[in-house]
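K.L.:
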Amino acid sequence: MAVAVVALLGFLTWGLVKKGDGGLKVGQPVPVATLPTLPPEGEFSIEDYRGQWVLLNIWASWCKPCRAESPALEEFEEKHRGKVAVLGVNTRDLSDDAMKFLREYEIGYPQIRDASGDYADDLKATGVPESLLIDPEGKLAAHYPGPFRDLAGVEDFAAPAFGGEPIERLGS
Amino acid sequence: MRRRPGSTPGRPGAGRLVALLLVALIGLGGTALAAPAQTSLPEIEDEVMCPICGTLLSLSHAPAAERQRVFIRELIDQGKTKEEIKDALVAEYGGQVLAMPENRGIDTWAYLVPAIGLGLAAVGVVWTVVRWRRRRDGGEGPEPGDDEEPGGDDDRLDRDMARFDL
Chain L
1 MAVAVVALLG
11 FLTWGLVKKG
21 DGGLKVGQPV
31 PVATLPTLPP
41 EGEFSIEDYR
51 GQWVLLNIWA
61 SWCKPCRAES
71 PALEEFEEKH
81 RGKVAVLGVN
91 TRDLSDDAMK
101 FLREYEIGYP
111 QIRDASGDYA
121 DDLKATGVPE
131 SLLIDPEGKL
141 AAHYPGPFRD
151 LAGVEDFAAP
161 AFGGEPIERL
171 GS
Chain C
1 MRRRPGSTPG
11 RPGAGRLVAL
21 LLVALIGLGG
31 TALAAPAQTS
41 LPEIEDEVMC
51 PICGTLLSLS
61 HAPAAERQRV
71 FIRELIDQGK
81 TKEEIKDALV
91 AEYGGQVLAM
101 PENRGIDTWA
111 YLVPAIGLGL
121 AAVGVVWTVV
131 RWRRRRDGGE
141 GPEPGDDEEP
151 GGDDDRLDRD
161 MARFDL
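Residue numbers (the working numbering), protein chains in the order written: chain L, 1 to 172; chain C, 1 to 166.
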């Protein structure tokens, strides 16, 4: 009986510790997963982008702030293509809604579909939108939980890719 | 009026009418069984999860949940059955969208493990009770009459009287 109680308490404590783990830390390797593309034409993983700077943006079509930041991300991708690869992770969303969103905002950068939200959980995303800057070795360089207000905000966030430090108060 | 041999008395069409009604009723019942039951939004809302809230869809009014409702309504309007709609939701959001695990594959363990646990617990209780009763029966001391010396009551009385015979 005592063993069972101790085991239960240990299990609960472990759960609390795991829960309070927080997000990924700068310098930690970013989890990889091979997921289907959006539109469904195959699959890819961020590992395919090893050796490049990657801005990973987690979004969903039902998220209004995701709509607000879309033009800035698209602008950033066009301006810095070849230096920073922008990748979208569509999470917990309806595929038709997501496709409609991409057409409406004329988003051309590659997208993967995380239908179940498992990959967003692996990335320890706290919501949408959320962005991660990944260095060429696949490690986290910067993390921003929230929408970018404009191009300057995205550039500030991606500053490490251009030899700078990420700026804390983005888009403000 | 002469009746034909073998014909039933009373109204000659009544039996046929009853038989026809029975056939019609059986036919209707069969059709009802064969046709897929039309489902409703509340019925499905209680069996699927909101993809972002971690609660039943029926309890959520998050934007993602509202989109999920629209999706379900569209499928209902298309005449899809509950199972077809749930399959479509799984295709969109993955298996976690179902509130209850499916009764197949590895999910079967979600139902088997509690059943096995209950079975083992029942066996444990029965075994413990049987053991306890055996111990009680065998180790609680002598049964009444176990310490009686040989002989009947008369012999014992004689022996006792002899002890007090001064």
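The beta carbon of each residue, even a glycine, is placed where N, CA and C say it ideally should be.
With a threshold of 8 angstroms between beta-carbons, can residue 164 of chain C be considered close to chain L, or not?
P.N.:
For this step, residue 164 of chain C is matched to residue 164 along the second sequence. No - not a single Cβ of chain L is within 8 angstroms of the one on residue 164 of chain C.
K.L.:
With 8 angstroms as the limit, tell me which residues of the stretch 97-110 of chain L have their beta carbon closer than that to any beta carbon of chain C; keep them in chain order.
P.N.:
Listed by position, the residues of the stretch 97-110 of chain L near chain C (Cβ gap below 8 angstroms) are 97.
K.L.:
When you compare only the Cα positions, how much space is there between residue 31 of chain C and residue 69 of chain C?
P.N.:
Within the second sequence, residue 31 of chain C is the residue found at index 31, counting from 1. Within the second sequence, residue 69 of chain C is the residue found at index 69, counting from 1. Its pLDDT being 49, under 50, residue 31 of chain C is placed unreliably by the model, and the measurement read from it follows with that caveat. Residue 31 of chain C and residue 69 of chain C: Cα-Cα distance of roughly 30 angstroms.
K.L.:
Could you pull the start and end residues of the beta strand (DSSP E) that residue 146 of chain L belongs to?
P.N.:
Indexing the first sequence from 1 puts residue 146 of chain L at position 146. First-last for residue 146 of chain L: undefined, no H or E at that position.
K.L.:
Residue 97 of chain C: which of C:128, C:52, C:76 sits nearest, CA to CA?
P.N.:
Here the question's residue 97 of chain C lines up with position 97 in the second sequence. Looking at the Cα atoms, C:52 is the closest of the given residues.
K.L.:
So, for residue 244 of chain C: in the same chain, excluding its five sequence neighbours on each side, which residues have a beta-carbon less than 8 angstroms away from its beta-carbon?
P.N.:
The question about residue 244 of chain C has no answer here: the residues shown for chain C are numbered 1 through 166.
K.L.:
What residues in the stretch 113-129 of chain C bring their beta carbon closer than 9 angstroms to a beta carbon of chain L?
P.N.:
Flagged: no residues at all.
K.L.:
Starting from residue 131 of chain L, trace the beta strand (DSSP E) both ways and give me its first and last residue.
P.N.:
Here residue 131 of chain L refers to the residue found at position 131 when the first sequence is read from its first residue. Per DSSP, residue 131 of chain L belongs to the beta strand (DSSP E) from 130-134.
K.L.:
Go through the stretch 71-143 of chain C residue by residue and report every complete run of the beta strand (DSSP E) that reaches 3 residues or more, in order.
P.N.:
If we require 3 residues or more, the stretch 71-143 of chain C turns out to have no beta strand (DSSP E) run fully inside it.
K.L.:
Using three-state DSSP, classify residue 50 of chain L as helix, strand or coil.
P.N.:
Reading the first sequence from its first residue, position 50 is the one you call residue 50 of chain L. Here residue 50 of chain L sits in coil by DSSP.
K.L.:
Identify each residue in the stretch 73-105 of chain C for which the Cβ-Cβ distance to at least one residue of chain A is less than 9 angstroms, and report them in chain order.
P.N.:
In summary, chain A is missing from the structure at hand, where the protein chains are L and C.
K.L.:
Which partner residues of residue 44 of chain L appear in the DSSP bridge assignment?
P.N.:
For the purposes of this step, residue 44 of chain L is taken as the residue at position 44 of the first sequence. DSSP, once it has assigned bridges, lists L:35 as partnering residue 44 of chain L.
K.L.:
When you compare the CB of residue 94 of chain L with every CB in chain C, is at least one pair closer than 8 angstroms?
P.N.:
Working through the first sequence from its first residue, we reach residue 94 of chain L at position 94. Yes, contact with chain C.
K.L.:
Within 10 angstroms of its Cβ, does residue 91 of chain L collect 16 or more other Cβ (buried), or is it exposed?
P.N.:
In the first sequence, residue 91 of chain L corresponds to position 91, counting from 1. Classification of residue 91 of chain L: buried, given that the 10 Å Cβ count is 16 or more.
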